[in-house]
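I have placed the structure first, in the form of structure tokens, so that the comments after it can refer back to it.
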Amino acid sequence: MPAISLAKAPQPASTDPAQIRNFCIIAHIDHGKSTLADRMLGITEVVDPRNMRAQYLDRMDIERERGITIKSQAVRLPWRSGIDGGEYILNMIDTPGHVDFTYEVSRSLAACEGAVLLVDCAQGIEAQTLANLYLAMENNLTIIPVLNKIDLPNAQPEKFAAELAKLIGCEPEDCLRVSGKTGDGVKELLDQIVKQIPAPKGDANAPARALIFDSVYDSYRGVVTYVRVIDGHLSPREQIQMFSTGVRHEALEVGVISPEPVASKGLGVGEVGYLITGVKDVRQSRVGDTITSYANPTKHALAGYKDPKPMVFSGLFPLDGADFPALREALDKLQLNDAALVYEPESSAALGFGFRCGFLGLLHMEIVRERLEREHNLNLISTAPNVVYNVTMEDGKEVRVTNPSEFPDGKVAVVKEPIVKSTILAPSEFIGTIMELCQERRGILLGMDYISEDRVEIRYDLPLAEIVFDFFDQLKSRTKGYASLDYEEKGDAEGNLVKVDILLQGEAVDAFSAIVHRDKAYAYGVMMTGKLRQLIPRQQFEVPIQAAIGSRIIARESISAIRKDVLAKCYGGDISRKRKLLEKQKEGKKRMKMVGRVEVPQEAFVAALATDADIEKVKAARKL
Amino acid sequence: MSLSFYVHIPYCIKRCGYCDFNTYTPSELQVGATLEIVSNDYIDAVLKELDAAPLGLVPTIFFGGGTPSLLPADDLGRVIAAIKERNGLADGCEITLEANPDSVTAEKLKRYIEVGFNRISFGMQSAKAHVLAVLDRTHNPENVKKSVDMARAAGFKSISVDLIYGTPGESIDDWCDTVTKALELDIDHISAYALIVETGTKLAAQIKRGDLTMPNDDLMADMYLLVDQLCEAHGFTWYELSNWSKPQHECAHNIAYWRNKEWWGLGPGAHSHIDGKRFWNVKHPTAYKQRLFSGESVVADSETLTQIEIDVERIMLGIRMREGLEISTFSTQQMELLGGYQDDSYLELLNGRVVLTPTGRLIADRIVREITI
Chain A
1 MPAISLAKAP QPASTDPAQI RNFCIIAHID HGKSTLADRM LGITEVVDPR
51 NMRAQYLDRM DIERERGITI KSQAVRLPWR SGIDGGEYIL NMIDTPGHVD
101 FTYEVSRSLA ACEGAVLLVD CAQGIEAQTL ANLYLAMENN LTIIPVLNKI
151 DLPNAQPEKF AAELAKLIGC EPEDCLRVSG KTGDGVKELL DQIVKQIPAP
201 KGDANAPARA LIFDSVYDSY RGVVTYVRVI DGHLSPREQI QMFSTGVRHE
251 ALEVGVISPE PVASKGLGVG EVGYLITGVK DVRQSRVGDT ITSYANPTKH
301 ALAGYKDPKP MVFSGLFPLD GADFPALREA LDKLQLNDAA LVYEPESSAA
351 LGFGFRCGFL GLLHMEIVRE RLEREHNLNL ISTAPNVVYN VTMEDGKEVR
401 VTNPSEFPDG KVAVVKEPIV KSTILAPSEF IGTIMELCQE RRGILLGMDY
451 ISEDRVEIRY DLPLAEIVFD FFDQLKSRTK GYASLDYEEK GDAEGNLVKV
501 DILLQGEAVD AFSAIVHRDK AYAYGVMMTG KLRQLIPRQQ FEVPIQAAIG
551 SRIIARESIS AIRKDVLAKC YGGDISRKRK LLEKQKEGKK RMKMVGRVEV
601 PQEAFVAALA TDADIEKVKA ARKL
Chain B
1 MSLSFYVHIP YCIKRCGYCD FNTYTPSELQ VGATLEIVSN DYIDAVLKEL
51 DAAPLGLVPT IFFGGGTPSL LPADDLGRVI AAIKERNGLA DGCEITLEAN
101 PDSVTAEKLK RYIEVGFNRI SFGMQSAKAH VLAVLDRTHN PENVKKSVDM
151 ARAAGFKSIS VDLIYGTPGE SIDDWCDTVT KALELDIDHI SAYALIVETG
201 TKLAAQIKRG DLTMPNDDLM ADMYLLVDQL CEAHGFTWYE LSNWSKPQHE
251 CAHNIAYWRN KEWWGLGPGA HSHIDGKRFW NVKHPTAYKQ RLFSGESVVA
301 DSETLTQIEI DVERIMLGIR MREGLEISTF STQQMELLGG YQDDSYLELL
351 NGRVVLTPTG RLIADRIVRE ITI
């Protein structure tokens, strides 16, 4: 058997780098990465068949349910090569699989020498996989192309082998064919990993340098930092130092994951494992940073470290105002495990007290929100997400706007907005549809390439604000779900942007303001005033609803005064019932927010600002 | 202490499509029994319940339903006689009969007068056949005038008609015709109610299916203003939100409700208000009778009002009346809120009292909600 028992396998801290192979799997969410990983755990016998469960490495409920990996994992797999009979240690580094986490992906890739490019041979490569493939190629990783799900009846291995060959410049027959489900071809894949991927190189005698590729908060042990040792050696009880901050810690425990954490005597050159220092906050142990020895520090940090930068902002408000302290506590806790999450208190006339939160992207936002709700039992309303604008006034003053209500009133000279370089992969029949959508969303076409006979890669520069606003949903629905999207930051660009205010009875309501392109201001104004006219109940006076850019009104609606709000009959038997009805209606009134003299139901704010899911949730809560 | 009586007669020839009142067709209750037997049994039960009522001179008695005029006058007369004997009737005691224009005859009406009735209220609802058809009413609109004239001839001192507006398919012109026709009758009092679609009725099902469409609130409001103006123009003054009368023809019994007086409701489902307590009887006539004849209480449930609830009710009921409420009823904060409504002409201050204008009456519930806590 090619598996080696853990006890007999080369031990951490004393494994020759020549016996080590570090690799990751690049795949789209449903292309079978977790199943293949499960299979590798089984074949290498690091997990006892009795303890095996599906998606073994995905720890969080959300990861399993959504089939995505939010946090990386690194598993040490001993393997005896079926080709040369030698003993090897394979470190499989799991990577997050989404556009929001490109930086985290790049750091995981930097910890490897090779990558398995896994593609579902019934679907072909997807845009995010392609983006990660390019990242891997930039990192000079050895790519092993693998077609998965060859057991499926609708598999088209020839077609997609040709596609992969074209993308990475190999021959179609170089593509391995596996089935994570049946285990077919997995042993061969492990052998090819040993054969094709270079062993790590490093200087065992140089000052220690280890790359942090992930950092996870564990409520029992504090922060667990995942590292790849480049040079030197990390040992337990050693004093270590974070290069970016210069802060010194003691390595309380050093170990490897196989696939449960096992303490070791240390980690040597090329090895992958974890270390625990007792810090309680992942921001003190940042992804991409270099760990070195305090006694003998390196002078040269590993390249590529970046501070996480929030790209998308949204207000999170508790449905019940009394939950505000609980929300603060939950965010504080979540931040321990999420260095990219930023937030500050915000108060909205409409929604009360909450937090303005910054996220890496839409998925990051959804995940944070879902974790707050699920793990911390909160009921939240989130406002429509927006991007960061940099506004320069005519007097030269600069303002950073993360919330439309902060948009300055005076004379604006220039407004800059973030632009992303996006890649869309789709069957070629949708080229027209996609170009139309990107055109509507102010896209600039950069180029187009056929990646196979009938699949095309289209590249656009797009304002991030347009992507944040339901672009992905539109893309999916207009291409029957076939298109995939990936994007990366491309700096700021000047945009013809204006702030549209929504006024109720002449009074601007901050929660409804939006920053939009001048050409779309009218449409936004008409849409929002129309929506509010439907959502705000009639009052005992007429309520004009206006949309305005500065003092110029661009759209107008009006809610006529209520004329009837009385029950005609009120006799002896009706009195109790009527009094109780009034009391009940008064309870409903308490949930109204006053905007000037206008009573606006909270539902109206939610419906105007939030997602459909929020609206459903509020409706459900109201029924309780 | 004075004590008004409401007597519930839970029988109708047939149930109308919009009605959710506590009423039954006699055959629903006692298979094979004649109306006379049902009526006699029922009145026996009512008289038994009367034993539980407090003593006190009676200023008003109101027979409602159901269709009280369905029952023989002599049966209803037994109730009046029993109350008179037990409690005594105040001078000019108002005794009202709710009647279906189709179920009265000159003889019957005469007999009602003889047993003590002096006020009659006819369910006219509409002068339009197509509106009556939607309401599922059986009477012929022509019969209303006949019945009113017969009632007058029989000696009724006060005659009222009930009207309903806002029926699906009813136009403002239809309603104008109905009110005009009503005002041409020899009557002293008009009640006009916006149609309420109660869940569980045939009408509610028709609307849910989309067979019928309810008029919007704006049309309802216009209809209210129309009946108010036509009534006032014909010498009928509003004295409660949905009631207009010639001088001295206000319904004293209903005023007792709105002024929060004490009353006792006899019959299944009837409510009572005695000494700051509201209670109500079991709803089904059979259960009601069984309980009475086995010596049990017929009270289904009760509530003792808190001071806050008493205050809310006083405002809720008083604001509906022409006499309005004294300014001293309200706190400074409430008066401030009312000031806003005064600015928008929803109410006026007349002789130190807060009185709603016609547009204000249309949003009376909203005003009460805003000022009561």
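Protein chains in written order, with the working numbering: chain A, 1 to 624; chain B, 1 to 373.
All C-beta atoms, glycine included, are put in the ideal place defined by N, C-alpha and C.
Residue i - containing alpha helix (DSSP H), residue span
i: B:L183; result: 172-184
i: B:Y257; result: 252-258
i: A:F101; result: Element bounds for A:F101: n/a, residue is neither H nor E.
i: B:I95; result: From DSSP, B:I95 is part of no alpha helix (DSSP H) but of the beta strand (DSSP E) over 89-99.
i: B:L76; result: 73-86
i: B:T359; result: 358-361
i: A:M435; result: 431-440
i: B:Y224; result: 217-233
For residue j and residue i, the rounded distance between their alpha carbons
i: A:F605; j: A:A508; result: 14 Å
i: A:K623; j: A:L378; result: Residue confidence is low: A:K623 scores 47 on pLDDT, short of 50, so the model does not pin down where it sits. Its coordinate-derived value is still stated next. Roughly 17 Å between the two C-alpha positions.
i: A:I4; j: A:Q474; result: 50 Å
i: A:E453; j: A:Y482; result: 16 Å
i: B:G352; j: B:S328; result: 8 Å
i: A:A165; j: A:I144; result: 11 Å
i: B:R369; j: B:T306; result: 18 Å
i: B:M223; j: B:P168; result: 13 Å
i: B:H249; j: B:D188; result: 6 Å
i: B:I113; j: B:A154; result: 7 Å
i: A:G525; j: A:F407; result: 17 Å
i: B:L356; j: A:V516; result: 47 Å
i: A:F472; j: A:L485; result: 8 Å
i: A:L372; j: A:M52; result: 29 Å
i: A:L57; j: A:L36; result: 11 Å
i: B:F279; j: B:K48; result: 18 Å
i: A:E440; j: A:P153; result: 39 Å
i: B:S39; j: B:G56; result: 27 Å
i: A:K397; j: A:G495; result: 18 Å
i: A:I26; j: A:L141; result: 12 Å
i: A:R597; j: B:G360; result: 18 Å
Selection from the options that minimises the alpha carbon distance to residue i
i: B:L50; options: B:R86, B:S27, B:G17; result: B:R86
i: B:A287; options: B:Q229, B:V161, B:Y42, B:G155; result: B:Y42
i: A:N205; options: A:Q539, A:F317, A:I230; result: A:I230
i: B:L225; options: A:G82, A:F430, A:R563, A:G596; result: A:R563
i: A:A547; options: A:S382, A:V500, A:R577; result: A:V500
i: A:I257; options: A:K33, A:V468, A:V47; result: A:V47
i: B:G324; options: B:S302, B:I310, B:H284, B:W238; result: B:W238
i: A:G410; options: A:F324, A:V498, A:C357; result: A:V498
Chain-ordered neighbours of residue i on chain A, where CB pairs are closer than 9 Å
i: B:A270; result: G572, G573
i: B:V312; result: R579, L582, E583
i: B:W263; result: G572
Contacts that residue i makes with chain A (C-beta to C-beta distance below 8 Å)
i: B:E309; result: R579
i: B:H273; result: G572, I575
i: B:V368; result: L582
Start-to-end residues for the beta strand (DSSP E) that takes in residue i
i: B:Q125; result: 119-125
i: A:C357; result: 352-359
i: A:S477; result: Segment 471-478 is the alpha helix (DSSP H) holding A:S477; no beta strand (DSSP E) there.
Chain-ordered neighbours of residue i on chain A, where CB pairs are closer than 7 Å
i: B:L337; result: Correct list: empty, because the minimum Cβ distance to chain A is about 11 Å.
i: B:S242; result: A568, K569
Tell me the start and end of each unbroken beta strand (DSSP E) in the stretch 248-333 of chain B that is at least 3 residues and wholly inside, in chain order.
Runs found: 263-266, 271-274, 277-281, 299-304.
Could you give the uninterrupted runs of the beta strand (DSSP E) lying entirely in the stretch 7-59 of chain A, keeping only those of 3 residues or more?
For the stretch 7-59 of chain A, whole beta strand (DSSP E) runs of length 3 or above, ordered along the chain, are 20-27.
Within the stretch 117-185 of chain A, ranges of the alpha helix (DSSP H) (whole runs, at least 4 residues)
As far as the stretch 117-185 of chain A is concerned, its whole alpha helix (DSSP H) runs of at least 4 residues are 127-138, 157-168.
Those runs of the alpha helix (DSSP H) which lie wholly inside the stretch 183-271 of chain A and span at least 4 residues:
Here the runs fully enclosed are 186-196.
Please give the ranges of any beta strand (DSSP E) in the stretch 494-560 of chain A, keeping only runs that are unbroken, at least 3 residues long and fully inside the region.
Runs of the beta strand (DSSP E) inside the stretch 494-560 of chain A: 497-504, 514-517, 543-549, 552-559.
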